[in-house]
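*Asks:*
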Amino acid sequence: MGPGDTPPADTAAGERAALVAVARATLDGNWEHDHTVPSRTLYPHQWSWDSAFSAIGWAHLRPERAWAELTSLFDAQWRDGRVPHIVFNPVVADDAYFPGPAFWATTSVAGTPRTATSGLVQPPVHALAAWHAYRRAPSEPARAALGRLYPRLVAQQHYLSEHRDVGGAGLASIVHPWESGLDNSPAWDEPLAAVPTEEAVLRAYRRRDIVHAAAAHRPTDLDYARYVAIVTAYRAAGYRDEQLADRHPFLVECPLFNAAMGAAESALAHIAREIGADPGPHRQRAAAITTALVDRLYDPTTGTFHARDLRTGRLTRARTVLGLTPLILPDLPTAQVEAILVEAGSPRFGLADRMTRPLPSHDRTAVDFEPLRYWRGPSWMNINWLVRYGLLAHGHPRLAAGLGASMIELAATAGCHEYFHPDTGAGLGSPAFSWTAALLLDLLAEM
Numbered sequence: 001m002g003p004g005d006t007p008p009a010d011t012a013a014g015e016r017a018a019l020v021a022v023a024r025a026t027l028d029g030n031w032e033h034d035h036t037v038p039s040r041t042l043y044p045h046q047w048s049w050d051s052a053f054s055a056i057g058w059a060h061l062r063p064e065r066a067w068a069e070l071t072s073l074f075d076a077q078w079r080d081g082r083v084p085h086i087v088f089n090p091v092v093a094d095d096a097y098f099p100g101p102a103f104w105a106t107t108s109v110a111g112t113p114r115t116a117t118s119g120l121v122q123p124p125v126h127a128l129a130a131w132h133a134y135r136r137a138p139s140e141p142a143r144a145a146l147g148r149l150y151p152r153l154v155a156q157q158h159y160l161s162e163h164r165d166v167g168g169a170g171l172a173s174i175v176h177p178w179e180s181g182l183d184n185s186p187a188w189d190e191p192l193a194a195v196p197t198e199e200a201v202l203r204a205y206r207r208r209d210i211v212h213a214a215a216a217h218r219p220t221d222l223d224y225a226r227y228v229a230i231v232t233a234y235r236a237a238g239y240r241d242e243q244l245a246d247r248h249p250f251l252v253e254c255p256l257f258n259a260a261m262g263a264a265e266s267a268l269a270h271i272a273r274e275i276g277a278d279p280g281p282h283r284q285r286a287a288a289i290t291t292a293l294v295d296r297l298y299d300p301t302t303g304t305f306h307a308r309d310l311r312t313g314r315l316t317r318a319r320t321v322l323g324l325t326p327l328i329l330p331d332l333p334t335a336q337v338e339a340i341l342v343e344a345g346s347p348r349f350g351l352a353d354r355m356t357r358p359l360p361s362h363d364r365t366a367v368d369f370e371p372l373r374y375w376r377g378p379s380w381m382n383i384n385w386l387v388r389y390g391l392l393a394h395g396h397p398r399l400a401a402g403l404g405a406s407m408i409e410l411a412a413t414a415g416c417h418e419y420f421h422p423d424t425g426a427g428l429g430s431p432a433f434s435w436t437a438a439l440l441l442d443l444l445a446e447m
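Counting along the sequence shown from 1, when you hit position 10 you're at 10 in UniProt numbering, and nothing is skipped either side.
1. Could you round the C-beta distance between residue 177 and residue 192 to whole angstroms and report it? I think they count as a contact, below 8 angstroms.
2. How many angstroms separate the CA atom of residue 435 from the CA atom of residue 299?
3. Tell whether a beta-carbon distance below 9 angstroms holds between residue 324 and residue 367.
4. Please confirm if the stretch 395-406 is in contact with the stretch 348-356, defined as three or more CB-CB distances below 8 angstroms between the two stretches.
5. Here's the rule I'm using: 16 or more other beta-carbon atoms within 10 Å means buried, otherwise exposed. How should residue 446 be labelled?
6. Check for me: the alpha helix (DSSP H) holding residue 433 runs from which residue to which?
7. Please classify residue 336 as buried or exposed, where buried requires at least 16 neighbouring CB atoms within 10 angstroms.
8. Do residue 43 and residue 34 count as a contact pair if the criterion is CB distance below 9 angstroms?
9. Strictly by DSSP, which residues pair up with residue 252?
10. Which residue's Cα is closest to the Cα of residue 155: 95, 83, 125, 106?
11. Kindly give me the distance between the Cβ atoms of residue 57 and residue 27, rounded to whole angstroms, as I take these residues to be in contact under 8 angstroms.
12. Considering only DSSP beta bridges, list what residue 362 is partnered with.
13. Could you compute how far the alpha carbon of residue 231 sits from the alpha carbon of residue 239?
14. Quick check on residue 284: buried or exposed, where buried means 16 or more other Cβ atoms within 10 Å of its Cβ?
15. Tell me which residues share the same chain as residue 67 and place their Cβ nearer than 7 angstroms to its Cβ, disregarding the 5 neighbours each side in the sequence.
16. Taking Cβ to Cβ, would you say residue 320 is nearer than 9 angstroms to residue 186?
17. Would you kindly work out how many angstroms separate the C-alpha atoms of residue 440 and residue 227, rounded to a whole number?
18. Looking at residue 310 and residue 195, is the spacing between their C-beta atoms short of 9 angstroms?
19. Name the residue from 47, 256, 281 whose alpha carbon lies nearest to the alpha carbon of residue 268.
20. Please tell me whether residue 302 and residue 343 are closer than 9 angstroms, where the distance is taken between their beta carbons.
21. Leaving aside the five residues before and after residue 89 along the sequence, list all residues of the same chain whose C-beta is less than 6 angstroms from its C-beta, in chain order.
22. So if DSSP puts residue 88 in a beta bridge, which residue, or which two residues, is it bridged to?
23. Please confirm if the stretch 412-421 is in contact with the stretch 387-399, defined as three or more CB-CB distances below 8 angstroms between the two stretches.
24. Who does residue 410 pair with in a DSSP beta bridge?
25. Let me know the secondary structure DSSP gives residue 315 once reduced to three states.
26. Mind checking whether residue 253 and residue 157 have CB atoms under 9 angstroms apart?
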């Protein structure tokens with residue numbers, strides 16, 4: 001039975017119950033006191049946007065855990081408003097994950113929490129997740145938790161708009177590929193190639209990722225050497241954002257990151273109205289970010305969105321799934337929505353009412369498409385969830401249903417893996433992965 005076929009009602013109900021049970025077991029197994037680890041293999045700490053997606057799933061099972069998840073993450077928020085991309089569990093050995101807390105050395109930096117964290121951020125999907133979780137399970141305790149979280153979410157947005165607008169056009173810059181969430185996407189190849197380093201840099205460290213996954217599925221040693229070089233430069237400056245343009249080796253405006261920032265303002269407008277605050281400023285900022293995103297990152301010649309390398313001022317050439325994610329902006333102009341739909345439905349990505357293959361993370365017709373290597377081809381549940389969310393927001397339920405059916409088919413065939421082969425749907429990366437389970441629960445509840 002294919003992803004577009006309709007099974008008998010009793011079979012469908014049984015399959016759904018089985019998937020819910022697997023997803024529930026995955027989240028329960030990854031729960032760690034007040035947060036969810038992404039998996040029990042490679043990722044023993046708390047990751048920022050993973051927690052946001054996990055909260056969406058917990059809203060269907062145990063809503064109190066959704067708010068504990070987000071609260072514990074924001075308890076590690078820095079004084080300047082940044083939400084670190086990793087919050088380290090102090091009971092886990094330093095060498096259990098690379099780079100660990102000793103490498104980041106954030107506890108000696110002014111304005112940081114007592115808990116060790118990284119110095120980077122990730123896409124600000126947290127306001128969107130908080131609002132989504134609240135709508136899934138509204139209650140007085142949830143409203144109170146939403147009210148407590150609101151000023152922290154506002155501070156997160158303020159940090160990005162005030163400290164990271166390196167280009168001066170109203171968009172936030174990422175200072176490392178890890179901040180995009182799509183760590184080794186081909187979108188970063190051009191700006192990353194300009195970062196001076198050698199593979200020999202890694203001789204002083206031990207990569208833990210290739211202990212748990214095949215090296216052919218992970219970023220290369222040269223990529224990792226560059227990642228380390230960029231962090232080292234940022235750390236040497238005390239993780240300060242002043243004069244980034246003068247000294248930092250990697251500065252990029254990312255379509256997903258900024259779409260998430262705009263969608264966060266729209267979500268904050270809803271949250272503000274719910275708790276009795278003024279939604280007006282959030283709506284204005286959402287509109288401004290959307291306008292800047294179209295002006296800065298949309299290429300009318302390709303009909304899609306690209307990352308902008310601030311070192312060269314040019315849009316990067318790779319056509320990746322990042323170009324589809326501005327659909328999450330509710331006020332994205334019709335011309336750009338239609339262009340994204342053309343791009344998404346092309347052989348590069350294959351979005352359709354009845355999909356024959358999963359949505360890839362990179363243009364499957366490109367010469368550098370790699371179906372096994374991390375963000376260079378495989379399909380990811382969180383990106384699929386965001387694209388589907390955008391399709392529904394812009395009135396395309398048939399395409400959303402096609403993508404949703406494809407997502408369910410991935411989990412039904414391979415389980416809650418970290419990511420999936422973009423042709424066969426085979427599970428790749430870490431098994432029992434939290435955001436896959438969480439977003440599967442949300443999708444099943446909606447469909």
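Glycine included, each C-beta is placed from N, C-alpha and C at the ideal position.
*Replies:* On the basis of the coordinates in this document:
1. 7 angstroms
2. 31 angstroms
3. no
4. yes
5. exposed
6. Where residue 433 is concerned, there is no enclosing alpha helix (DSSP H), given that its DSSP letter is neither H nor E.
7. buried
8. no
9. 174, 309
10. 83
11. 6 angstroms
12. 320
13. 9 angstroms
14. exposed
15. 142, 145
16. yes
17. 31 angstroms
18. no
19. 281
20. yes
21. 45
22. According to DSSP, residue 88 bridges with nothing at all.
23. no
24. The partner list for residue 410 (beta bridge, DSSP) is empty, contrary to what the question assumes.
25. strand
26. no
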